[in-house]
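Asker: Sharing a structure below in structure tokens format, with a few things to ask.
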Amino acid sequence: MELNEAIAGRRAVREYTNQPVDQATILRLIDAAVRAPSAVNQQPYFFTVVREQDVLDRISRGAKAFMLASLADSRHAEHFRLRLSEPNFQVFYHAPVLVLISAIEQAPWIVEDCALAAENLMLAAYAAGLGTCWIGFAQGFLNTPDGKAMLNLPAQCVPVAPIIVGHPRSPVPKVPRTAPDVRWIG
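The structure is reproduced here in structure tokens:
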């Protein structure tokens, strides 16, 4: 697949089949992730792969409770409250795999470094016919002691990018993009 095709075609997928994603494929996605640039080439990340649905269900329940307790008033707050209050809503959309990209420890530019790795992983997944979605609902909870304990993460690590991976149930339609606001100097 040509790079621009992957960039233009990748979408957030929220409906998956129950078909598993094999370990070799997951390792290829992680290999793509670590080829992303990082500040001073520090490569400050590590990857936690979760394929057990009961673990994902427990994290989902913790993340929902955490988000509901800490949700600030915003333009989308009521929508989020309603969604997170649904008993059957699972924040990982029952995807077969979660790849959590975490920084080894707090340092400058770790969020940027992990985000660049996440984008590479998501583009590689799309090129392989897989769907992905960055699960923002899980981020805050995974940065708590309880969230880290569920995945046996070191206390000093910083979970940044919880990315679900799986086989899309159906094609995701294109979404409109706003024309960029480009400001030229010179």
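Letter by letter, the sequence shown follows residues 3 to 188 of the working numbering. Glycine included, C-beta positions come from ideal geometry on N, C-alpha and C. Treat the numbers as computed from the prediction; the structure is a model and nothing was measured.
On the three-state DSSP scale, how would you describe LEU102?
Answerer: The residue you call residue 102 lines up with position 100 of the sequence shown. Strand at LEU102.
Asker: Using the Cα positions of SER72 and PRO164, report the straight-line distance between them to the nearest angstrom.
Answerer: As a working note, residue 72 is residue 70 in the sequence shown. As a working note, residue 164 is residue 162 in the sequence shown. Cα to Cα, the separation comes out at about 19 Å.
Asker: Could you check whether the Cβ of PRO173 sits closer than 6 Å to any heavy atom belonging to the ligand ATP?
Answerer: Among the components of this structure there are no ligands whatsoever, and the ligand ATP is therefore not found.
Asker: Is the CB-CB distance between ALA105 and TYR47 below 7 Å?
Answerer: As a first step, residue 105 is located in the sequence shown; it is residue number 103 there, counting from the start. As a first step, residue 47 is located in the sequence shown; it is residue number 45 there, counting from the start. In contact: ALA105 and TYR47 (Cβ atoms closer than 7 Å).
Asker: By the three-class DSSP mapping on this structure, what secondary structure does PHE49 have?
Answerer: What you label residue 49 is simply residue 47 of the sequence shown in a count that begins at 1. Three-state result, PHE49: strand.
Asker: With burial defined as no fewer than 16 other Cβ atoms inside 10 Å of the residue's Cβ, what is the status of ILE32: buried or exposed?
Answerer: Taking the first residue of the sequence shown as position 1, residue 32 is located at position 30. So ILE32 counts as buried.
Asker: Report yes if the C-beta distance between LEU86 and MET69 is below 7 Å; otherwise report no.
Answerer: Along the sequence shown, read from residue 1 onward, the residue named residue 86 stands at position 84. Along the sequence shown, read from residue 1 onward, the residue named residue 69 stands at position 67. The answer is yes: Cβ separation under 7 Å.
Asker: Can you check which of these residues, LEU100, ALA10 and ASN6, is closest to GLN204 by C-alpha distance?
Answerer: Residue 204 lies beyond the stretch modelled for the chain, which goes from 3 to 188, so this question has no answer here.
Asker: Is it true that the stretch 171-178 meets the stretch 5-19, where meeting means three or more beta-carbon pairs spaced less than 8 Å apart?
Answerer: yes
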